[in-house]
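Visitor: Please see the structure below; I have some questions.
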Amino acid sequence: MIARLNRLPLRSRLALLTAAAVAVAVAACATVAWFLVRGQLISSLDDELRKTRLNPEMLANLTADGQCVDKLPEREGRVLELAERTLTVQTVTPEGDRCVIIGKDSLPVDDEDTDIAKGEPTQVLRTVIASDGTKYRALTRQLDGYSASVIVARPLSEVDDSLNTLAIVLAILAAAGAIGSAGAGVALARAGLRPVERLTGTVEHVAATEDLSVRIPVEGDDEIARLSRSFNAMTEALASSRERQQQLIADAGHELRTPLTSLRTNIELLARSEESGRPLPPGDKKELLTSVKAQMAELAALIGDLQELARPDTVPGARPPQVVGLHEIAQKAVSRARLRAADRVGVVAELAPWFVRAEPVALERAVVNLLDNAVKFSPEGAEIEVRIHPESGELTVRDHGPGIPPDDLPHVFERFWRSPAHRGLPGSGLGLSIAARTVQQAGGAIELRAADGGGTLASVRIPGAPEAPPAPPPTDATNGMPRTGEGPAAD
Numbered sequence: 001m002i003a004r005l006n007r008l009p010l011r012s013r014l015a016l017l018t019a020a021a022v023a024v025a026v027a028a029c030a031t032v033a034w035f036l037v038r039g040q041l042i043s044s045l046d047d048e049l050r051k052t053r054l055n056p057e058m059l060a061n062l063t064a065d066g067q068c069v070d071k072l073p074e075r076e077g078r079v080l081e082l083a084e085r086t087l088t089v090q091t092v093t094p095e096g097d098r099c100v101i102i103g104k105d106s107l108p109v110d111d112e113d114t115d116i117a118k119g120e121p122t123q124v125l126r127t128v129i130a131s132d133g134t135k136y137r138a139l140t141r142q143l144d145g146y147s148a149s150v151i152v153a154r155p156l157s158e159v160d161d162s163l164n165t166l167a168i169v170l171a172i173l174a175a176a177g178a179i180g181s182a183g184a185g186v187a188l189a190r191a192g193l194r195p196v197e198r199l200t201g202t203v204e205h206v207a208a209t210e211d212l213s214v215r216i217p218v219e220g221d222d223e224i225a226r227l228s229r230s231f232n233a234m235t236e237a238l239a240s241s242r243e244r245q246q247q248l249i250a251d252a253g254h255e256l257r258t259p260l261t262s263l264r265t266n267i268e269l270l271a272r273s274e275e276s277g278r279p280l281p282p283g284d285k286k287e288l289l290t291s292v293k294a295q296m297a298e299l300a301a302l303i304g305d306l307q308e309l310a311r312p313d314t315v316p317g318a319r320p321p322q323v324v325g326l327h328e329i330a331q332k333a334v335s336r337a338r339l340r341a342a343d344r345v346g347v348v349a350e351l352a353p354w355f356v357r358a359e360p361v362a363l364e365r366a367v368v369n370l371l372d373n374a375v376k377f378s379p380e381g382a383e384i385e386v387r388i389h390p391e392s393g394e395l396t397v398r399d400h401g402p403g404i405p406p407d408d409l410p411h412v413f414e415r416f417w418r419s420p421a422h423r424g425l426p427g428s429g430l431g432l433s434i435a436a437r438t439v440q441q442a443g444g445a446i447e448l449r450a451a452d453g454g455g456t457l458a459s460v461r462i463p464g465a466p467e468a469p470p471a472p473p474p475t476d477a478t479n480g481m482p483r484t485g486e487g488p489a490a491d
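Numbering-wise (the UniProt record's numbering), the sequence shown opens with residue 1 and increments by one.
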């Protein structure tokens with residue numbers, strides 16, 4: 001049943017559920033009303049039985065004379081005025097004998113009737129079935145002044161007929177209510193789902209045309225409006241992501257074109273010299289091969305940077321961030337920068353211990369990129385100062401180069417961006433972008449600003465983490481015990 005219901009359109013389900021809910025509510029109300037009316041009708045019938053006035057002397061004489069219905073089928077006029085046509089009157093003796101004074105059928109007698117005939121001062125109301133199967137509402141009470149009880153009864157058909165009529169009316173009302181609620185449910189579902197249909201149409205349009213510029217008008221502040229806002233935010237994010245992707249592809253193609261063109265030109269010169277049988281002079285050939293190697297290195301570095309930028313923030317199976325010493329990573333980066341700088345510039349480091357939670361390899365590459373940038377723009381013989389402040393854990397890299405113009409500072413972390421004044425220098429324009437991304441993934445912030453006295457100051461702030469636990473001592477592979485000395489290596 002549920003599976004069939006789920007196959008229906010949402011509008012039909014809402015209309016069906018609304019009709020079912022209203023039908024159940026109307027049925028419940030009708031049932032309660034029927035029972036209330038039934039109770040009131042029976043209570044009114046009981047009151048009528050209590051108000052019935054009979055002549056005790058006449059009933060006693062008729063009983064004593066044996067003038068009962070079964071013996072006197074046609075009653076004389078002196079007793080007809082005692083009751084209405086539907087009333088049944090029956091007397092009961094203490095021995096349990098019964099005598100129908102008014103009525104056609106005898107009523108059953110039980111111990112309560114005989115107890116009342118013996119003088120017990122009480123009354124009993126109950127529902128009984130006469131000898132012909134008719135249901136009666138009967139009142140048993142003592143016959144005043146005589147050792148007998150009298151049962152006054154009226155058929156329950158007086159109540160049942162009204163209840164049957166009421167049941168038919170309530171059933172018709174319930175059916176009309178269910179039908180009306182189904183129509184109202186369809187109308188409400190149509191009005192309520194109109195924004196959903198508009199959203200569905202927009203989604204289908206985006207899926208068919210891939211047009212992410214479409215926006216859904218937002219009205220109100222209900223769930224549909226929130227869904228529309230979320231959809232608009234999603235399409236805006238997707239459009240921005242596509243735009244950045246296209247920009248990355250365009251920038252990458254532009255950056256790759258230069259080394260590839262130069263590399264192709266040099267290789268064509270070398271190939272032409274071999275094909276023509278006129279070898280190049282040794283000096284020129286060596287210069288061309290050196291240029292080819294440099295361009296291949298530049299191309300490999302650019303491809304590596306592009307791969308780093310294309311890597312998602314969370315890669316399945318990648319190592320999670322861990323507590324590492326920023327001072328240790330900075331020391332490794334300083335050592336690499338000194339090798340690359342050779343004797344052209346000096347690197348001075350003052351690294352206070354500071355632990356952070358980050359990915360070690362990516363963080364080391366970010367620091368190396370900052371140092372490479374400082375080395376590239378430092379004049380010969382200058383010094384680069386690398387420091388980790390012990391109070392805040394801030395890592396600073398300060399150079400004494402020409403500095404960055406104020407207009408260029410907002411763009412230094414953009415992909416492939418290079419200052420117009422330094423476009424001739426080697427580099428892809430991705431180093432600072434990669435560094436900024438790594439620092440932000442670690443929950444930190446990175447900034448480049450003008451240094452006092454000239455040059456540029458790069459600042460990296462990453463929240464501190466608990467100190468890394470000490471490394472466990474090496475264990476013996478044979479018994480799992482810590483080693484106390486070095487022995488010969490095992491094969």
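Glycine included, C-beta positions come from ideal geometry on N, C-alpha and C.
1. Across the stretch 147 to 157 and the stretch 88 to 95, are there enough close Cβ pairs to call them in contact, namely three or more that are closer than 8 Å?
2. What does the alpha-carbon distance come out to for the pair Ser181 and Lys135?
3. List the whole-angstrom C-beta distance separating Val375 from Ala337, where the pair is believed to meet the contact cut-off of C-beta under 8 Å.
4. Starting from Gln142, follow the beta strand (DSSP E) in both directions and report where the run begins and ends.
5. Could you check what DSSP says for Ile404 in three-state terms: helix, strand or coil?
6. Can you find the residues in the same chain that come closer than 6 Å, C-beta to C-beta, to Leu139, ignoring five residues on each side of it along the sequence?
7. Here's a check: name, in chain order, each residue in its chain whose Cβ is nearer than 7 Å to the Cβ of Leu269, leaving out the five neighbours to either side.
8. Got a sec? Which residues, its chain only, sit under 6 Å from Pro195 by beta carbon, not counting five neighbours each side?
9. Find out if the Cβ-Cβ distance for the pair residue 492, Trp34 is shorter than 8 Å.
10. For Val169, is the classification buried or exposed, using 16 other Cβ atoms within 10 angstroms of its Cβ as the cut-off for buried?
11. Would Leu409 and Leu370 qualify as a contact pair, given that the criterion is a beta-carbon distance under 8 Å?
12. Between Ala477 and Leu227, what straight-line distance do the alpha-carbon atoms span, to the nearest angstrom?
13. Can you tell me the Cα-Cα spacing of Leu72 and Leu143, whole angstroms?
14. By alpha-carbon positions, which one of Gly103, Ala465 and Ile388 ends up nearest to Arg357?
15. May I have the straight-line CA-CA distance separating Ile101 from Val109, to the nearest angstrom?
16. For a test of the three-state rule: what should DSSP assign to Ala374, helix, strand or coil?
17. Buried or exposed: which applies to His400, given that a residue is buried once 16 or more other Cβ atoms fall within 10 Å of its Cβ?
18. From Leu363 to Arg461, what does the alpha carbon distance come to, in whole angstroms?
19. Count the other CB atoms within 10 Å of the CB of His327; is the residue buried (16 or more) or exposed (fewer)?
20. I need the straight-line Cα distance from Val92 to Pro56, nearest angstrom please.
21. Going by beta carbon distance, what residues of the same chain come within less than 8 Å of Arg340, once the five residues before and after it are set aside?
22. As an exercise, report each continuous beta strand (DSSP E) stretch of at least 3 residues that is fully enclosed by the stretch 87 to 120, in chain order.
23. If you draw a straight line from the C-alpha of Val37 to the C-alpha of Asp132, how long is it?
Guide: This is what the structure gives:
1. yes
2. 39 Å
3. 6 Å
4. Lys135 to Gln142
5. coil
6. Leu49, Leu125 and Val152
7. Leu288
8. Ile224
9. Any property of residue 492 remains undetermined from this structure, which presents the chain solely from 1 to 491.
10. exposed
11. no
12. Confidence in Ala477 is poor, its pLDDT being 44 and thus under 50, which makes the residue's placement unreliable; the coordinate value appears in the next sentence. Between Ala477 and Leu227, the C-alpha separation is close to 59 Å.
13. Caution is warranted here: a pLDDT of 40 is assigned to Leu72, below 50, making its placement in the model unreliable, and the coordinate value is therefore given only provisionally. For Leu72 and Leu143, the distance between alpha carbons rounds to 22 Å.
14. Ala465
15. 15 Å
16. helix
17. buried
18. 12 Å
19. buried
20. 13 Å
21. Asp372 and Val375
22. 88 to 92 and 98 to 102
23. 27 Å
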